[in-house]
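Listed in order, the protein sequences are those of chains A and B. For the first sequence, position 87 matches number 87 in the UniProt record's numbering, and the numbering has no gaps at all. For the second sequence, position 200 matches number 200 in the UniProt record's numbering, and the numbering has no gaps at all. We put the beta carbon where it would ideally sit given N, CA and C, even for glycine.
2 protein chains.
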Amino acid sequence: MKDVAARAGVGLKTVSRVVNGEPGVTPDTERRVREAITALGFRRNDSARILRKGRTASIGLVLEDLADPFYGPLSRAVEEVARAHGALLINGSSAEDPAREQELVLALCARRVDGLVIIPAGEDHRYLEPELAAGVATVFVDRPAARIEADAVLSDCFGGSRAAVAHLIAHGHRRIGFIGDRPGIHTAAERLRGYRTAMAEAGLPVDPSWISLGPTDPDRVGAAARSMLDGPGPITALFAGNNRVTVTAVRVLAGRTLPVALVGFDDFELADLLSPAVTVVAQDAARLGRTAAEMLFRRLDGAAGEPRRVELPTRLIARGSGEIPPADRG
Amino acid sequence: MKDVAARAGVGLKTVSRVVNGEPGVTPDTERRVREAITALGFRRNDSARILRKGRTASIGLVLEDLADPFYGPLSRAVEEVARAHGALLINGSSAEDPAREQELVLALCARRVDGLVIIPAGEDHRYLEPELAAGVATVFVDRPAARIEADAVLSDCFGGSRAAVAHLIAHGHRRIGFIGDRPGIHTAAERLRGYRTAMAEAGLPVDPSWISLGPTDPDRVGAAARSMLDGPGPITALFAGNNRVTVTAVRVLAGRTLPVALVGFDDFELADLLSPAVTVVAQDAARLGRTAAEMLFRRLDGAAGEPRRVELPTRLIARGSGEIPPADRG
DNA sequence: CTGAAAGCGCTTACAG
DNA sequence: CTGAAAGCGCTTACAG
Chain A
1 MKDVAARAGV
11 GLKTVSRVVN
21 GEPGVTPDTE
31 RRVREAITAL
41 GFRRNDSARI
51 LRKGRTASIG
61 LVLEDLADPF
71 YGPLSRAVEE
81 VARAHGALLI
91 NGSSAEDPAR
101 EQELVLALCA
111 RRVDGLVIIP
121 AGEDHRYLEP
131 ELAAGVATVF
141 VDRPAARIEA
151 DAVLSDCFGG
161 SRAAVAHLIA
171 HGHRRIGFIG
181 DRPGIHTAAE
191 RLRGYRTAMA
201 EAGLPVDPSW
211 ISLGPTDPDR
221 VGAAARSMLD
231 GPGPITALFA
241 GNNRVTVTAV
251 RVLAGRTLPV
261 ALVGFDDFEL
271 ADLLSPAVTV
281 VAQDAARLGR
291 TAAEMLFRRL
301 DGAAGEPRRV
311 ELPTRLIARG
321 SGEIPPADRG
Chain B
1 MKDVAARAGV
11 GLKTVSRVVN
21 GEPGVTPDTE
31 RRVREAITAL
41 GFRRNDSARI
51 LRKGRTASIG
61 LVLEDLADPF
71 YGPLSRAVEE
81 VARAHGALLI
91 NGSSAEDPAR
101 EQELVLALCA
111 RRVDGLVIIP
121 AGEDHRYLEP
131 ELAAGVATVF
141 VDRPAARIEA
151 DAVLSDCFGG
161 SRAAVAHLIA
171 HGHRRIGFIG
181 DRPGIHTAAE
191 RLRGYRTAMA
201 EAGLPVDPSW
211 ISLGPTDPDR
221 VGAAARSMLD
231 GPGPITALFA
241 GNNRVTVTAV
251 RVLAGRTLPV
261 ALVGFDDFEL
271 ADLLSPAVTV
281 VAQDAARLGR
291 TAAEMLFRRL
301 DGAAGEPRRV
311 ELPTRLIARG
321 SGEIPPADRG
């Protein structure tokens, strides 16, 4: 910028004015400055600008896995809101590793993002306290913060799961299995609670062998499903705790002779084209992201007050697999 | 930092040393500094650091749509490589809009990202010339740069498409349709060229009504497919130019009485569970991302030389839909 | 082992 | 309409 000023024969401030499109520069001066800019290949350095101005016009997004189709629409929605507010998105995946989440969050804070949208992997977010005290706006999505108070936007996992299981019960099932994610994950725990509540409300006993929580890789989920189907008190219906579980369950059930009812948490593309088409409890990932980002920018615009928790509804979409009656095992 | 130094009764440089874990500080001094840091809630400001050091340890990723499942594994792969090199990822979607691509790229440059990975939407990248001259490393992925020379990592769209269409021809088809993305998009043009080449190599004529290029939204693609199927010289097989086209094609074909063969470009989840299971030409999105990011960091580490273009192979996966023989229309 | 000075590239507040 | 000076929060190069 100094070189540009020298070449154009003007002061630093005048170059700054031209670069930022501020008023108060004669057309002639402006032309000279612009010439110098292209001649010298000048490019403004935003780091310096940020250092002076305070705000960085960027927000951080920490999610679990960029490659998980559930987070695609969510990220995209956060990005659109950020863009509408003139902010850039900096993001990264925690890979469900609390240490990596913390590392990423603190790196974003050191870059002085104006705010953070976090899909947490950790179970203790007190490391964020100094940042929150320093004024970094933060909204948690999909799962709440642990051990600190913070804004959060969640899906109604409990209600959705209760409805899913009640749906299976209404179609005559009494032995219903549940395969979910690791119980330390808030959404997994809530979905389990919904399952238990629906069973209890119908006065149905739950055999411990009908419940399996853990990593959602195909091997574990497949083994869990097969053992529930082939055990002594075999299930006639399965409630799958998320999209990955559902996909694996579909594969397992496709190889079976006796029909087994299935309801999955999370909708997914082509669910309606499988046979049977898959009944799901859908949550709106894009709306989750949009709501969280809007809450963040409201905070950045000065909205004060206690941390808020917003819960978005889910929707049961009956397509066929959830309406299969219990198989008669003769 | 000044306040921390004052409170700990040391010089600025000593605080800097403690914060950065540099050697040459007595344990006692270090303890005093750390106490002052927590007492004052000090958090290092990386903008200032970046301003001094030059490198930002961050790279930018510009893609077409964060929500498109094809880009999930690609982004994730870029992120993993960045992480291995201690760099953060800043990213955004161009939404297939050249103006938005340019805006995003220049914003990233102003933040002084060390390098860029770009899935281009534009057809003229000369706006990047000043940045390239200033030393911003740049690698294009999935599609090449236009009107400038730059590193690029691509899939072999031409070869994959030729193989797909040859596969249909080998199963007896002579009237084969192609539905692809807008012809300005390099990958779409290459896939069309592969289609034409395979048809020509088999000595088969191509009726203009068998080719439809344009936006890949379900309405347009569905209409195009129906008109090819119901027109005067109806096709007996369809080659779908990308994952979105394939999904729509599956929906259209599912409602038909006469079987129609289908091969899709891009693999997708559950393709094997549909009936018939969908034959595809698979490209490796994660490898595309990884290769590009590695090339970028090699440049950042000083690799000189002419821009390189790497082409990754595709793989035909026969699952059923592509092996259906031509329907006998009596 | 420790610190004072200069400077990274901008903007802010002020004066002409 | 224009510019000189000070400062954002750090690091670099040097000296003690």
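Three-way DSSP call (helix, strand, coil) for residue i in this model
i: S94 (chain B); result: coil
i: E311 (chain B); result: strand
i: D151 (chain A); result: strand
i: I169 (chain A); result: helix
i: A261 (chain A); result: strand
i: G180 (chain A); result: strand
i: G115 (chain A); result: strand
i: G60 (chain B); result: strand
i: T26 (chain B); result: coil
i: A240 (chain B); result: strand
i: I317 (chain A); result: strand
i: L300 (chain A); result: helix
i: A282 (chain A); result: strand
Cα-Cα separation, residue i to residue j
i: L253 (chain B); j: V260 (chain B); result: 7 Å
i: Q283 (chain A); j: P326 (chain B); result: 41 Å
i: P234 (chain B); j: R220 (chain B); result: 18 Å
i: A293 (chain A); j: G302 (chain A); result: 14 Å
i: S212 (chain A); j: G177 (chain A); result: 8 Å
i: L238 (chain A); j: H167 (chain B); result: 40 Å
i: D114 (chain B); j: L89 (chain B); result: 11 Å
i: V87 (chain B); j: A240 (chain B); result: The sequence as given places Ala at residue 87 (chain B); Val does not occur at that position. Distance between the alpha carbons of A87 (chain B) and A240 (chain B): 37 Å.
i: A224 (chain B); j: L192 (chain B); result: 16 Å
i: D97 (chain A); j: A121 (chain A); result: 6 Å
i: S93 (chain B); j: A67 (chain B); result: 9 Å
i: D207 (chain B); j: L229 (chain B); result: 13 Å
i: T314 (chain B); j: C157 (chain B); result: 8 Å
i: S155 (chain B); j: A5 (chain B); result: 55 Å
i: E269 (chain B); j: D46 (chain A); result: 41 Å
i: T216 (chain B); j: A188 (chain B); result: 11 Å
i: L316 (chain B); j: A164 (chain A); result: 39 Å
i: A202 (chain A); j: I169 (chain A); result: 8 Å
i: A288 (chain B); j: A146 (chain B); result: Contrary to the premise, residue 288 (chain B) reads as Leu rather than Ala in this sequence. If you take the alpha carbons of L288 (chain B) and A146 (chain B), they lie about 19 Å apart.
Identity of the residue in the options nearest residue i by Cα
i: R308 (chain B); options: B:I211, B:A36, B:R299; result: B:R299
i: C150 (chain A); options: A:D219, A:A137, A:T236, A:R196; result: It is worth fixing the name first, because residue 150 (chain A) is Ala in this sequence and not Cys. When only C-alpha atoms are compared, the closest one is A:A137.
i: E123 (chain A); options: A:E80, A:G184, A:L116, A:K13; result: A:G184
i: E323 (chain A); options: A:H186, A:H171, A:G9, A:A164; result: A:H171
i: E311 (chain A); options: A:V153, A:D207, A:R290, A:P215; result: A:V153
i: H125 (chain B); options: B:C109, B:G54, B:G214, B:Q102; result: B:Q102
i: E131 (chain B); options: B:A77, B:C109, B:G194, B:I119; result: B:C109
i: R175 (chain A); options: A:S209, A:A285, A:Y127; result: A:S209
Buried or exposed by the 16-neighbour rule on C-beta atoms within 10 Å, applied to residue i
i: G24 (chain A); result: exposed
i: D181 (chain B); result: buried
i: D266 (chain A); result: buried
i: N243 (chain B); result: buried
i: N91 (chain B); result: buried
i: P205 (chain A); result: exposed
i: S227 (chain A); result: exposed
i: A107 (chain B); result: buried
i: T38 (chain B); result: exposed
i: S275 (chain A); result: exposed
i: A249 (chain B); result: buried
i: P218 (chain B); result: exposed
i: E79 (chain B); result: buried
i: P232 (chain A); result: exposed
i: L61 (chain A); result: buried
i: R31 (chain B); result: exposed
i: P73 (chain B); result: buried
i: L296 (chain A); result: buried
i: T257 (chain A); result: exposed
i: P144 (chain B); result: buried
Neighbourhood of residue i by C-beta, 6 Å cutoff - its chain only, sequence neighbours within 5 removed
i: R17 (chain A); result: V25
Contacts around residue i, its chain only, beta-carbon distance under 7 Å, and the 5 residues preceding and following it disregarded
i: V19 (chain B); result: R44
i: V278 (chain B); result: T246, V250, L262, G264, A271, R319, S321
i: A134 (chain A); result: none
Sequence-distant residues of its chain with Cβ nearer than 8 Å to residue i (five each side left out)
i: P69 (chain A); result: N243, F268, E269
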